[in-house]
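The listed protein sequences correspond, in order, to chains A and B. So the mapping is simple: my numbering equals the position in the first sequence, first residue as 1, plus 495. So the mapping is simple: my numbering equals the position in the second sequence, first residue as 1, plus 78. Every residue gets a Cβ at the ideal spot worked out from N, C-alpha and C, and that includes glycine.
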Amino acid sequence: MNITLRVWRQANAQATGKMVTYQVKDVSPDMSFLEMLDLLNEDLTLKGEEPVAFDHDCREGICGMCGVVINGTAHGRGDSPVATTTCQLHMRSFSDGATIDVEPWRAGPFPVIKDLAVDRSAFDRIIQAGGFISANTGAAPDAHAAPVGKLKADRAFDAATCIGCGACVAACPNSSGMLFTAAKITHLAMLPQGQPERYSRIKTMIATHDAEGFGGCTNIGECSAVCPKEIPLDTISQLNRDLIASLFKKDGK
Amino acid sequence: MTTTVRPTGTRPEDFFSVGAEIRDTKAPAGPIEQKWSKRKFEAKLVNPSNRRKLSVIIVGTGLAGGAAAASLGEAGYNVLNFCYQDSPRRAHSIAAQGGINAAKNYRNDNDSTYRLFYDTVKGGDYRARETNVYRLAEVSANIIDQCVAQGVPFAREYGGLLDNRSFGGVQVQRTFYARGQTGQQLLIGAYQALERQVAAGTVAMYTRHEMLEVIIVDGRARGIVTRDMVTGKVESFFADAVVLATGGYGNVFFLSTNAMGCNVTAGWRAHRKGAYFGNPCYTQIHPTCIPVHGETQSKLTLMSESLRNDGRIWVPKRAEDCEKDPRQIAEADRDYYLERIYPAFGNLVPRDIASRQAKNMCDEGRGVGPKVGDARRGVYLDFSDAIGRLGKDGVAARYGNLFDMYAQITGEDPYETPMRIYPAVHYTMGGVWVDYDLSSSIPGLYVTGEANFSDHGANRLGASALMQGLADGYFVLPNTINDYLAGAPFTKVDASHPAAVEAVKAVKDQIDALLAVDGTRTVDSFHKELGHIMWEYCGMERTEAGLIKAIGLIQKLREEFWADVKVSGVNEDFNQTLERAGRVVDLMELGELMCVDALHRRESCGGHFRAESQTEDGEALRDDDKFLYVAAWEYNGTAQPPILHKEPLVYESIELKQRSYK
Chain A
496 MNITLRVWRQ ANAQATGKMV TYQVKDVSPD MSFLEMLDLL NEDLTLKGEE PVAFDHDCRE
556 GICGMCGVVI NGTAHGRGDS PVATTTCQLH MRSFSDGATI DVEPWRAGPF PVIKDLAVDR
616 SAFDRIIQAG GFISANTGAA PDAHAAPVGK LKADRAFDAA TCIGCGACVA ACPNSSGMLF
676 TAAKITHLAM LPQGQPERYS RIKTMIATHD AEGFGGCTNI GECSAVCPKE IPLDTISQLN
736 RDLIASLFKK DGK
Chain B
79 MTTTVRPTGT RPEDFFSVGA EIRDTKAPAG PIEQKWSKRK FEAKLVNPSN RRKLSVIIVG
139 TGLAGGAAAA SLGEAGYNVL NFCYQDSPRR AHSIAAQGGI NAAKNYRNDN DSTYRLFYDT
199 VKGGDYRARE TNVYRLAEVS ANIIDQCVAQ GVPFAREYGG LLDNRSFGGV QVQRTFYARG
259 QTGQQLLIGA YQALERQVAA GTVAMYTRHE MLEVIIVDGR ARGIVTRDMV TGKVESFFAD
319 AVVLATGGYG NVFFLSTNAM GCNVTAGWRA HRKGAYFGNP CYTQIHPTCI PVHGETQSKL
379 TLMSESLRND GRIWVPKRAE DCEKDPRQIA EADRDYYLER IYPAFGNLVP RDIASRQAKN
439 MCDEGRGVGP KVGDARRGVY LDFSDAIGRL GKDGVAARYG NLFDMYAQIT GEDPYETPMR
499 IYPAVHYTMG GVWVDYDLSS SIPGLYVTGE ANFSDHGANR LGASALMQGL ADGYFVLPNT
559 INDYLAGAPF TKVDASHPAA VEAVKAVKDQ IDALLAVDGT RTVDSFHKEL GHIMWEYCGM
619 ERTEAGLIKA IGLIQKLREE FWADVKVSGV NEDFNQTLER AGRVVDLMEL GELMCVDALH
679 RRESCGGHFR AESQTEDGEA LRDDDKFLYV AAWEYNGTAQ PPILHKEPLV YESIELKQRS
739 YK
């Protein structure tokens with residue numbers, strides 16, 4: 496396959512970026528999208544040009560480090576019924592001779608570092624604001640001390656599969672980080688161990704979410720549509736319910 | 079920078095010299111059941127008000143590093159935690175699928191600490207240290223308690239209690255799991271505990287920082303040199319102790335199931351500064367991975383070995399059938415080779431045996447799938463019998479997510495055509511040598527998780543890597559490092575100390591040297607060539623002649639690298655080529671030591687199969703008289719061969735036996 500790529504090139508956070516066109520030849524349909532970018536970079540290096548910077552690590556769809564906007568869709572799922580991360584997207588999804596646009600996540604709270612790599616440390620700060628259960632090492636009771644009903648355990652798990660890639664923010668017209676935040680809220684709210692901090696956690700996490708510059712949620716649903724782990728939109732309903740409930744709790748300051 | 083190469087030779091003895099024997103001096107005497115309690119009681123303590131005056135550097139944020147950073151932060155130490163990724167949550171522990179073992183005996187099936195200990199030592203083919211393994215089994219139950227308290231959503235039954243499954247040839251059900259994402263959920267648990275300490279101010283987190291050197295002052299590890307991967311700033315950091323939790327080095331083979339960034343630099347730089355490297359040749363090669371599709375492939379994907387419960391593995395009997403559609407090959411023309419050779423265990427033989435036989439079939443020219451280079455490297459894993467027996471829905475209920483993953487990567491539907499699988503590197507049992515306290519041979523330098531060598535011997539059992547990472551991080555290191563820190567305060571050190579200046583200069587010099595070559599070959603092309611050499615000669619089967627050849631090839635590759643590599647850009651930038659180049663430098667040096675280690679160990683054990691040491695039936699044959707020891711290698715400069723220190727393995731609780739699966 497031969498592919499025409501139009502890639503966002505931006506030297507650093509301060510520089511002005513632009514789309515640059517490259518031809519990539521001899522692409523195998525079995526290659527992953529990132530392997531196709533590797534091929535481009537090998538070629539650029541040998542020509543003495545600067546390779547395209549992009550974040551990636553596990554290349555098996557679980558670490559959450561990769562992620563670019565492909566033809567306008569975060570992670571490039573397009574119309575495919577199969578949810579995917581960028582690293583698990585394969586070139587057989589494209590036709591020979593295709594022109595593909597590749598851009599970084601575009602959101603105020605995710606400033607571009609270089610080319611396709613962005614700074615997502617705002618997500619870590621949302622977790623720091625309460626996305627945990629305070630249980631010091633060594634202080635745990637026996638694992639069977641608190642049974643968890645299977646339905647709640649499964650719902651907690653579904654929310655906990657979030658990989659923190661940031662596609663939800665990139666897809667949202669408001670650059671909202673609500674699906675990411677709601678996934679953690681729901682994960683911990685479903686478990687007995689998460690109850691003591693349930694109504695304080697939500698206030699501090701939402702406050703940090705807003706302070707980091709993420710927008711509000713207006714129920715558009717693009718976030719869930721591009722989520723590689725298919726985090727359901729009803730986690731945001733759960734977040735809203737818990738947030739309202741927290742306003743009536745004395746201890747949820 | 080090193081362009082000098084070691085002397086060559088024709089005999090194994092030409093490639094190393096033998097030094098004094100070493101011993102672990104930290105495990106106390108007495109019955110094995112009491113050693114850990116005794117050690118914890120005897121270890122010196124640090125008063126809580128003194129802990130805040132002490133600092134610890136931890137490199138890595140996976141299960142071993144993240145758990146240790148959170149735990150030491152909670153204890154009140156000042157922790158500086160580093161990772162090369164953009165967030166601590168990305169560490170490659172996240173990719174582990176199957177589960178985590180713990181001797182809880184929740185199934186009432188006669189499991190116990192001793193049984194988990196016994197299974198792990200036997201699984202490691204009697205090349206692990208008894209005392210460390212017993213402790214691992216002992217703290218395993220605490221790990222599950224801790225993770226549940228953090229909100230890790232393990233699989234549960236309808237009654238609300240935790241579910242278990244069996245794993246990897248073990249006869250009890252002791253594996254806890256979270257669907258196929260156990261590593262992810264455990265890591266997120268540790269990550270959340272870590273971020274809680276970041277918020278509390280006890281842990282300072284440095285992401286996108288790569289450790290490139292260790293700083294030794296008065297014989298103690300006192301700091302590290304890092305490169306800020308966004309700005310290129312080379313900087314030194316100091317502490318009272320340094321912990322490396324930097325994972326395995328499977329990427330020496332280029333293609334592996336490791337993340338792209340996994341590397342050996344932290345451990346190797348420590349090795350160059352005096353830390354012994356233990357059993358570098360012990361590599362685990364997992365039999366059920368998706369095969370290589372072509373020369374441009376960047377990494378391999380593992381599929382759970384549970385597939386072997388219902389899938390039948392075969393290749394065509396005749397090489398000329400290998401190009402055919404497998405569905406057109408008659409039953410009589412198929413060779414179900416594992417069932418043929420191992421009638422008792424069939425497709426469920428241990429990982430090392432299943433892997434080696436797949437290689438043998440492909441070496442005979444009977445591999446399937448696309449040709450990569452000049453050979454087909456794949457065997458069929460066929461579910462048509464299982465679909466006939468269980469129905470498509472029955473198979474989907476057991477393996478649906480794995481079938482989907484296979485279809486997404488290969489574009490083939492495994493319900494219709496047999497899967498193709500091939501072995502791939504996915505774990506390294508070797509690593510920096512440590513004692514019972516997890517201290518390396520450099521005082522103040524601790525090594526935890528996959529980065530050390532201690533718990534899995536020559537072969538790791540499934541669901542044991544997560545157990546070791548969290549055991550080290552939550553329970554072992556936080557109880558041993560205080561014994562060392564109680565000796566603080568040590569000499570005050572800052573960036574102006576000669577040792578720090580020298581280390582920073584060494585890092586900058588290497589960066590400058592890499593950028594200055596400006597040759598004609600890319601970093602990846604060298605990395606791939608190294609991978610080919612390692613896979614061919616130090617992979618599933620090793621021979622004396624092959625290993626000697628490989629050492630020569632790697633030395634030549636290193637010379638060529640320093641003469642012809644092309645690293646574009648500058649240091650003061652987000653320069654991913656420069657990052658990779660530095661890692662490949664260390665992987666090449668490590669690869670050479672792996673070959674030397676494999677060459678000297680003229681026996682087969684676990685994942686290390688020497689063609690010269692096999693039974694009449696072609697099975698691995700240990701030589702306990704000559705090789706019942708840990709090979710701890712001392713660095714001796716680039717122009718001198720490494721020095722071998724033997725740590726004899728003492729088995730007091732377990733009787734040595736030869737494995738058999740026929």
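Selection B:Ser646, B:Arg234 and B:Asp675 evaluated against arginine 599 of chain B yields B:Ser646 as nearest (Cα-Cα).
Minimum Cα-Cα distance from alanine 485 of chain B among the listed residues B:Cys673, B:Ala256, B:Gly97 and B:Thr379 corresponds to B:Thr379.
Taking a beta-carbon distance threshold of 8 Å, methionine 496 of chain A does not count as an interface residue toward chain B. Separation of the CB atoms of asparagine 669 of chain A and threonine 632 of chain A is rounded to 39 Å, and the pair is thereby denied contact status at 8 Å.
Interface annotation, histidine 585 of chain A: in contact with chain B, CB-CB separation under 8 Å.
Taking 8 Å as the cut-off, the beta carbon of glutamine 623 of chain A is found no closer than this to the beta carbon of threonine 681 of chain A.
Contact with chain A is absent for histidine 610 of chain B, since none of that chain's Cβ atoms lies less than 8 Å from the residue's Cβ. Here the stretch 734–744 of chain A does not lie against the stretch 593–604 of chain A, with fewer than 3 beta-carbon pairs under 8 Å apart. For valine 512 of chain B, the three-state secondary structure derived from DSSP is coil. In this structure, DSSP gives serine 95 of chain B an extended state, which the three-state scheme calls strand. Close to leucine 240 of chain B, with beta-carbon spacing below 8 Å, are these residues of chain A in chain order: Ala638 and His639.
Here the C-alpha atom of glycine 297 of chain B lies approximately 7 Å from the C-alpha atom of proline 521 of chain B. Not a single C-beta of chain A is nearer than 8 Å to the C-beta of phenylalanine 604 of chain B. In terms of Cα proximity to alanine 662 of chain A, the closest of A:Val564, A:Lys698 and A:Cys582 is A:Val564.
In summary, arginine 167 of chain B is buried, with 16 or more beta-carbon neighbours lying within 10 Å of its beta-carbon over all protein chains present. Listed in chain order, the non-local C-beta contacts of serine 519 of chain B below 7 Å within the same chain comprise Gly352, Ala353, Tyr354 and Trp511, local neighbours out to five positions each way being set aside.
Contacts with chain B (Cβ-Cβ distance below 9 Å) from the stretch 585–609 of chain A involve His585, Arg587, Ile608 and Lys609, listed in chain order.
Note on phenylalanine 549 of chain A: 16 or more other CB atoms within 10 angstroms of its CB, so buried under the neighbour-count rule.
Taking C-beta atoms under 8 Å as the contact rule, valine 321 of chain B and tyrosine 524 of chain B qualify, at a distance of about 4 Å. No Cβ of chain A is located within less than 8 Å of the beta carbon of serine 190 of chain B. Where asparagine 735 of chain A is concerned, there is no enclosing beta strand (DSSP E), although the alpha helix (DSSP H) around it starts and stops at 729–741. Among the residues facing chain A, isoleucine 222 of chain B is included, as its CB has a counterpart in that chain under 8 Å away. Only exposed fits tyrosine 729 of chain B, as fewer than 16 other CB atoms lie within 10 angstroms of its CB.
Any Cβ of chain B closer than 8 Å to the Cβ of phenylalanine 652 of chain A would place that residue at the interface, and such an atom is present. Beta-carbon to beta-carbon, valine 571 of chain B and phenylalanine 316 of chain B are separated by about 5 Å, close enough to satisfy the 8 Å threshold.
Put simply, of A:Gln509, A:Gly562 and A:Asp538 the residue whose alpha carbon is nearest the alpha carbon of cysteine 722 of chain A is A:Gly562. Following the DSSP letters along the chain, one finds glutamate 712 of chain B inside the beta strand (DSSP E) bounded by residues 707–712.
Within 10 angstroms of the beta-carbon of aspartate 533 of chain B lie 16 or more other beta-carbons, which makes it buried.
Here DSSP, grouped into helix, strand and coil, assigns asparagine 479 of chain B to helix. Counting the other Cβ atoms within 10 Å of the Cβ of glutamine 736 of chain B gives fewer than 16, which makes it exposed. The beta carbons of histidine 504 of chain B and threonine 335 of chain B sit about 4 Å from each other, so the pair counts as a contact at 8 Å. Between arginine 101 of chain B and glutamate 725 of chain B, the C-beta spacing is below 8 Å.
When C-beta distances to chain A are compared with 7 Å, the residues of the stretch 371–394 of chain B below that value are His371, Gly372, Thr374, Gln375, Ser376, Lys377 and Thr379, in chain order.
The Cβ of phenylalanine 160 of chain B sits no closer than 8 Å to any Cβ of chain A. Beyond the five residues adjoining it in sequence on each side, asparagine 566 of chain A comes within less than 8 Å, by CB distance, of Gly573, Ile595 and Asp596 in the same chain, given in chain order.
Taken atom to atom, the span from the alpha-carbon of aspartate 675 of chain B to that of aspartate 695 of chain B is near 25 Å.
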